[in-house]
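All residue numbers for the sequence shown refer to the working numbering, where the first residue is 6 and numbers rise by one.
All C-beta atoms in this analysis are idealised placements derived from N, C-alpha and C, irrespective of residue type, glycine included.
For reference, the structure is listed below as structure tokens.
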Amino acid sequence: MKAFMKTMALAGLLALAAGSASAAVNVTWVHPENFHDLPFPGWERKEMLDQITDHFVKLGANLPPGEDLRIEITDFDPAGRLIPSTRLGRDLRVMTGRADWPRMELNYAIEQNGQVIKSGQSQLQDMNYQQTFSHYFDSEPYRYEKQMIDDWFDKTIAPIQKKRR
């Protein structure tokens, strides 16, 4: 029994050590109350921003251990236009494919051992969001925004990782 407990304790310590060595992603939303075309109810707005935050965290999980990604989102306008709806309980997002493409402005920094190894500002947008190939299903919430973020990550963050390998 003691050997089993020692093994479990050692496994737990190793899991903690591995977890602390992994990359961290910190996403900050700067004055989201000023962003364009976000849902009015606070719970619905939080749900949207949390899903986008979770997507950045998922992408950042591919960073090498010891590297951290800080993202500060200064503006965000999701795809489509919000149409108020009192009948359904939630506003409707209508996408026409015209001048309603997703866009985002952000500042980013990649840190390693407390040192910034790359930083910058980016303006993300996908004017052809309905014609661009996406690997997300139609049922995926915020699929156009996620695809736009994936494209940015692949062009801006991923090349740094490939240089180090």
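ask   = Rounded to a whole number of angstroms, what is the C-alpha to C-alpha distance between Gln136 and Gln128?
value = Rounded to whole angstroms, Gln136 to Gln128 spans 20 Å at the Cα level.
query = Can you tell which of Trp34, Trp106, Pro46 and Arg50 has the C-alpha that lies nearest to the C-alpha of Pro83?
reply = Distance from the Cα of Pro83 is smallest, within the candidate group Trp34, Trp106, Pro46 and Arg50, for Trp106.
message = Threshold first: 3 residues or longer. Then list the beta strand (DSSP E) segments lying entirely within the region 48–110, N to C.
response = Counting whole runs of 3 or more residues, the region 48–110 contains the beta strand (DSSP E) stretches 72–82, 86–88 and 97–99.
query = Any chance the region 29–38 sits against the region 71–78, with 3 or more Cβ pairs inside 8 Å?
reply = With the cut-off at 8 Å, the region 29–38 and the region 71–78 touch.
ask   = Quick one: any contact between the region 112–127 and the region 48–56, if contact means 3 or more CB pairs under 8 Å?
value = Because the criterion of three Cβ pairs below 8 Å is not met, the region 112–127 and the region 48–56 do not touch.
ask   = If His60 sits next to Ile162, beta carbons under 8 Å apart, how far is it from one beta carbon to the other, in whole angstroms?
value = Taking the Cβ atoms as the reference, His60 lies roughly 13 Å from Ile162, outside the contact range of under 8 Å.
Asn112 - partner residues in DSSP beta bridges = Here Asn112 is bridged, per DSSP, to Glu77 and Gln126.
key: Status (buried if at least 16 other CB within 10 Å, exposed otherwise) for Gly65   = By the neighbour-count criterion, in which 16 or more other beta carbons inside 10 Å mark a residue as buried, Gly65 falls on the buried side.
request  = Would you identify the three-state DSSP class for Gln210, choosing helix, strand or coil?
outcome  = Lying outside 6 to 170, the shown extent of the chain, residue 210 is not represented and no answer is given.
C-alpha gap between Glu150 and Gln117, whole angstroms = Taking the straight line joining both Cα atoms gives about 28 Å.
ask   = Quick one: what's Ala29 bridged to in DSSP?
value = The partner list for Ala29 (beta bridge, DSSP) reads Asp73.
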